[in-house]
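What follows is one structure encoded as structure tokens, with my remarks underneath.
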Amino acid sequence: MSSAALRRTAAFFLFVMLLALAACSSSSTRICNAAGNSCCGAGNDLCVAPQFVYAANVDGQLSTFPVDPATGGLSTPTTVTAPSGSWGMAVFNNSFLYLSNPQLGGYGSISGWTITPGEGLLTPISASPFQLDDSLPFGMAVDPAQNMLYVADADKIRALRVDAMTGIPTEIATSPFPAGLNMYLAIDPQNRFLFAADQRSPGSVWAYAIDASGNLISVPGSPFAADPNASSDTSPYGIVVDPSGSFVYVALAGTDQVAAFSITPDTGVLSPVAGSPFTAGGTPSQLVVANQFLYVSNSQDGTISGYSINANGSLRPIAGSPFNFNVSSLTTNFTGSVLYGSSSQGMLALGIGSTSGTLSMIGSPVPFSPGAIAMAFLQ
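Numbering (this note's numbering), first residue to last: 13 to 391.
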């Protein structure tokens, strides 16, 4: 081929590439295909994976809300039958979803579903529900590094290994591990430590190191008092770890506060942050971290308290907090730009100010039976 022909061929291919890039960059935010492939090439932020919000309701329904990738708003959900009154939800590797099913009489169980890639549809896992004898399962947490699912139980924590192909969880031989009257669990992003909120008076936080086999090893000094100076029952409830894995936050429903602890990186030992505990609204219960902000649902006064997280882990109220949104449960998207909450009006999508942390409604509430306690976000 002559040099002139080579130049014409190269120019043609360059023209085709420029057309493709122009078409991609001029389009609005689009969802990738079901396999999760980028529609415009790796690293193009216009193309996002499909996103969904899951919510388990007290009336025995598990709802899947599609998320608009451009706005963060929600669409009409699809539903499947699920345990009523579940207190715990966990998503494993975007492939499986689990709900705890506490029942009186010692016959609690875990229900599981396979998540259809790119579509968010739920199909019951074979042999689900998985019975846990002598149990009262509540909150759950996942350690994907060890394929572990941890379940909060009365006076213990159960450890189940998840088959990454089938989604079937099997309790490991050394489980359960001694714990307090814990209802909620949290694992740091580095999968080093697990923390449990203990409601037994006056209230504390149990801390464990996670070994290579998924076993829980009590951290020296655990459990740690939720408020060493408390003169009454603090009633620890929801618990989260910040994205850096440096701090633990616990809602103290009994004293209308939020306790904050710093995590010793090598050992997992917890130390109260200066100024902890911090004032919250009436009966704080659920909380989530979105980047540098912390949000807490206050069940008694129907508000959401918002805080900026300082470098030392202390909390500073956001301007306008508390916000007048009455929600029973919370979750956030992976980028920390949208907060989702179950309310008596329906499911809410709340935009988070990137620098201010203020909350504002996105669209209108999506009709949904009130009372969801367990929620999760998937992308």
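Every residue gets a Cβ at the ideal spot worked out from N, C-alpha and C, and that includes glycine.
Source: prediction; values computed, not measured.
The beta-bridge partner set that DSSP reports for T83 is empty. For the pair A388 and A176, the Cα-to-Cα distance works out to about 19 Å. Using a Cβ distance threshold of 9 Å, L172 and F142 count as a contacting pair.
Between S98 and A323, the CB-CB gap reaches or exceeds 9 Å. Between L197 and A209, the C-beta spacing is below 9 Å. In this structure the region 366-382 touches the region 330-337; the number of beta carbon pairs closer than 8 Å is three or more. In the DSSP annotation of this structure, the continuous segment of the beta strand (DSSP E) that includes W218 starts and ends at 216-222. Boundaries of the beta strand (DSSP E) harbouring G363: 358-364, taken from the DSSP string.
S317 and L327 have their alpha carbons spaced roughly 11 Å apart. Following the DSSP letters along the chain, one finds D245 in no beta strand (DSSP E), marked with neither H nor E. Note that the C-beta distance between S340 and S354 is below 9 Å. Beta-bridge partners assigned by DSSP to W99: none are found.
The C-alpha of L161 is placed about 14 Å away from the C-alpha of T186.
Secondary structure note for F207: its beta strand (DSSP E) is the uninterrupted segment 205-210. Shown here, A271 sits in a strand according to DSSP, grouped into three states. Closest option to Q211, judged by alpha-carbon separation, among V262, T182, V231, N203: V262.
Boundaries cannot be given for V285, as no beta strand (DSSP E) includes it and DSSP labels it neither H nor E. In the three-state scheme derived from DSSP, where H, G and I count as helix and E and B as strand, E131 is classed as coil. By the neighbour-count criterion, in which a residue is buried when 16 or more other Cβ atoms sit within 10 angstroms of its Cβ, M152 is buried.
Considered as a whole, the region 140-195 harbours 142-145, 152-155, 160-174, 181-183 as its complete beta strand (DSSP E) runs of no fewer than 3 residues, in chain order. At a Cβ-Cβ threshold of 9 Å, F104 and G179 count as neighbours. In chain order, D245 place their CB closer than 7 Å to the CB of S213, counting only its own chain and leaving out the 5 sequence neighbours on each side. DSSP places P379 in the coil class of the three-state scheme, outside both helix and strand.
Judged by their CB atoms, G348 and P255 are nearer to each other than the 9 Å cut-off. When only Cα atoms are considered, G192 and G124 end up about 26 Å apart. Here the alpha carbons of S258 and L264 stand approximately 20 Å from one another.
Secondary structure note for I316: its beta strand (DSSP E) is the uninterrupted segment 315-321. In this structure, the CA atom of S288 is about 5 Å from the CA atom of A271.
Around the Cβ of A361, a 10 Å sphere holds 16 or more other Cβ atoms; the residue is buried. F189 has its alpha-carbon roughly 5 Å from the corresponding atom of I169. The DSSP-derived three-state label of F64 is strand. Annotation: T128 to V253 spans about 29 Å, alpha carbon to alpha carbon. DSSP, reduced to helix, strand and coil, places S340 within a strand of the structure shown. Residue environment: D278 is assigned as exposed (fewer than 16 neighbouring CB atoms within 10 Å of its CB, all protein chains considered). In the DSSP assignment, N310 falls within the unbroken beta strand (DSSP E) covering 305-310. Ranked by Cα distance from L144, the options T76, S112, D155 are led by S112.
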